[in-house]
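Beneath this line is the structure, given in structure tokens, with notes to follow.
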Amino acid sequence: MNKDTLNIYHTPTEKNYLCLCLNTDIFTADCRKYMLDCFLNYSVNPNLRFHSRIDKIIDDVIREKINIPHKFRMRLESRHCIESRIIYFRFRVLDKSCLQCNVFLRGLSDEMKEALSDERIDFAVLYEGIQGSQQDTDTDDKDGFCGSQPQVPFLADGTCPVR
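Residue 94 in my numbering is what sits at position 82 of the sequence shown, and the numbering runs on without skipping anything.
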């Protein structure tokens with residue numbers, strides 16, 4: 013487990029906030045794994061956009077535009093991906109109240125729980141993994157179903173039960 017700390021200065025409140033980012037090494041490795049090498053140093057790289065995205069999310073949390081816990085994804089376009097498909101990097105943002113609640117800490121390693129127990133931390137960002145690779149064909153969280161549910165179920169032989 014890798015942990016990085018970000019000091020975020022919020023200008024309207026003139027306060028510094030400490031944000032702990034966990035599993036950033038895995039996120040960086042995933043970016044390198046799925047990005048075409050020619051795009052690694054450009055702004056299409058989610059790893060390069062990460063800090064500005066976190067800064068914007070923390071600002072929105074402080075301004076109460078979004079609620080915590082908050083899940084977000086960073087997108088890698090198919091034209092920049094080795095697999096030629098859209099990849100989403102999934103994250104979760106937690107604040108102090110979430111960190112004190114055991115519900116959000118379930119499933120985390122003891123090392124992560126210890127890192128999150130630091131009283132100075134205002135926010136935590138957890139990298140949860142990728143969504144949309146060849147191994148994960150369901151990219152839209154709809155359990156493989158696209159569109160609205162059919163209103164009339166069909167029987168196995170293809171006939172409509174209403175007729």
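Just so you know, even glycine gets a beta-carbon here, dropped at the ideal spot from N, CA and C.
Between the CA atoms of residue j and residue i - distance to the nearest angstrom
i    : j    : result
T36  : D16  : 7 Å
I74  : I20  : 11 Å
S129 : K77  : 26 Å
T25  : I70  : 12 Å
N14  : I133 : 16 Å
G119 : K125 : 10 Å
F62  : C113 : 26 Å
D67  : K27  : 13 Å
L18  : E131 : 15 Å
E123 : R87  : 28 Å
A41  : D72  : 28 Å
Y54  : S121 : 34 Å
K83  : D49  : 28 Å
CB contact flag (residue i, residue j, <8 Å)
i    : j    : result
E140 : R102 : yes
L30  : A127 : no
R104 : P81  : yes
E89  : V56  : yes
L138 : L34  : yes
H92  : F51  : yes
Residue of the options minimising C-alpha distance to residue i
i    : options               : result
F135 : N79, D107, K125       : D107
F12  : L60, S55, L117, V115  : With the chain represented from 13 up to 175, any question about residue 12 goes unanswered, as that position is not in the structure.
R85  : L111, T23, C113, Q143 : Q143
S109 : K27, N79, I94         : N79
P58  : K27, M47, Q112        : M47
K45  : E95, K27, R87, K83    : E95
C43  : Y100, L111, D122      : Y100
Span of the alpha helix (DSSP H) around residue i
i    : result
N79  : Run containing N79: none; DSSP gives neither H nor E here.
L128 : 122 to 128
L60  : 58 to 74
Start-to-end residues for the beta strand (DSSP E) that takes in residue i
i    : result
N28  : 27 to 34
E140 : 135 to 143
N114 : Here N114 belongs to no beta strand (DSSP E); instead the alpha helix (DSSP H) covers 114 to 117.
Beta bridge counterpart(s) of residue i as assigned by DSSP
i    : result
R104 : K83, L138
L18  : C31
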